[in-house]
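Participant: One structure, pasted below without further comment.
In this note's numbering, the protein residues as written are 441 to 825.
Here you go:
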């Protein structure tokens, strides 16, 4: 829901930043004016009072106008899109900003001159400066007014330009985020039928061999699909949820393979809340079973292990199956065909989510089999007490 312009720490910080810049510029101008008049103190006083007066009137008027426009017309800026937090910036548009600059500068100059004159009189500087002060001189007052108006317009243009640049950057970042999310959803949608077809193929074979086991496998499959399809609708879930989905799938495979499949899941308590894309490990576990363990007569062991490595999360899927073969191009390839889709999906999802910061490596295990290693740039979570 888009809200009207709301004050925030960033808005107040930028407000104070503009005030500080105005003060520094005023001190510089005041020093030159004071040297020219022969009274530096009075020059600084005049410039600071007029400069800060114009800044306060113009900047405050701009924010008040933006808020008034929102309450009356339902928008607070000429920009078509709100900021990521749902708020609009305090830019009222050039037409209203021009009015704000003219009126704010008039009020700022009048108020600044009045305040400067009152302070200078109290300090006794008017008598010291004599004719060197612009107080009481119409021509110098007009010059100060025109100069202040020009400076106010220039500052307003700079402010507008910065707002437009910031808006463009926000829109570009939002477009990149939406594109990445859309691509990730597409990849997940492609993965769901792939995973389902593999599971149904396993079930079809088992029905021919053992109807009772097929019934048990079907019950587990229904539960597994319900949880998995629900998880796939989310952009991310905890690593503990991901391990639970892996455990559900392995339970189905154990119905089919029996004692030939031995599994081990290792997830330290401190890493349970790390957030990962759903179904990230599913293709790796499927590949380990279908192309490594199941074709092997005696089966083997499958271990899924998560641990912290440096500043990244490392997840390994290790099987003692048939392993990898070395082809003529010295690139490690699966011992069986058909692994391409799942690995490509995992790599594509890593690239969309983390870019080059994440990786998937496939290598032969020392004792035989395959090791698939995921490196994810997840922040280390605090261990739960």
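By construction, the Cβ of each residue, glycine as well, lies at the ideal position given by its N, Cα and C atoms.
Go through its chain and collect everything with a Cβ distance to residue 804's Cβ below 8 Å, but skip five positions before and after it.
Facilitator: Only 763, 764, 772, 810 and 811 meet the Cβ criterion.
Participant: Taking DSSP's pairing of strands, which residues face residue 677 in a bridge?
Facilitator: 716
Participant: Keeping to the same chain, check which residues put their C-beta closer than 6 Å to that of residue 700; ignore five residues upstream and five downstream.
Facilitator: 739
Participant: According to DSSP, is residue 663 part of a helix, a strand, or is it coil?
Facilitator: Helix.
Participant: Measuring only the C-alpha atoms, how far is residue 572 from residue 506?
Facilitator: The pLDDT assigned to residue 572 is 44, lower than 50, so where the model puts this residue is not dependable; a value taken from the coordinates is nonetheless given after this. When rounded, the distance between both Cα atoms is 41 Å.
Participant: Suppose the cutoff is 6 Å on Cβ atoms and the five residues either side in sequence are ignored; what does the same chain contact list for residue 489 look like?
Facilitator: 552, 555 and 556
Participant: DSSP three-state call for residue 613: helix, strand or coil?
Facilitator: helix
Participant: Spell out the partners DSSP gives residue 804 in its beta bridges.
Facilitator: 810
Participant: Rounded to whole angstroms, what's the CA-CA distance from residue 674 to residue 536? Just pull it up for me.
Facilitator: Taking the straight line from one Cα to the other gives about 45 Å.
Participant: Between which two residues does the beta strand (DSSP E) harbouring residue 710 extend?
Facilitator: Taken as a continuous stretch (DSSP letters only), residue 710 belongs to no beta strand (DSSP E), as it is neither H nor E.
Participant: Is it the case that the Cβ atoms of residue 802 and residue 746 are separated by a distance below 8 Å?
Facilitator: no
Participant: For residue 761, which three-state DSSP category applies?
Facilitator: Correct three-state label for residue 761: coil.
Participant: My guess is that residue 813 and residue 756 are in contact by the Cβ rule of under 8 Å, so how many angstroms apart are they, rounded?
Facilitator: 5 Å
Participant: Under DSSP, the alpha helix (DSSP H) around residue 737 begins and ends at which residues?
Facilitator: Counting along the chain, residue 737 falls outside any alpha helix (DSSP H), and DSSP gives it neither H nor E.
Participant: Any idea if residue 487 is buried or exposed, counting beta-carbon neighbours within 10 angstroms, 16 or more meaning buried?
Facilitator: Residue environment: residue 487 is assigned as buried (16 or more neighbouring CB atoms within 10 Å of its CB, all protein chains considered).
Participant: DSSP puts residue 746 in a beta bridge; with which residues?
Facilitator: 755
Participant: Where does residue 816 sit, in a helix, a strand or coil, going by DSSP?
Facilitator: strand
Participant: Check whether the Cβ atoms of residue 661 and residue 686 sit closer than 8 Å, and answer yes or no.
Facilitator: no
Participant: Are the beta-carbon atoms belonging to residue 743 and residue 758 less than 8 Å from one another?
Facilitator: yes
Participant: Three-state secondary structure (DSSP) at residue 721?
Facilitator: coil
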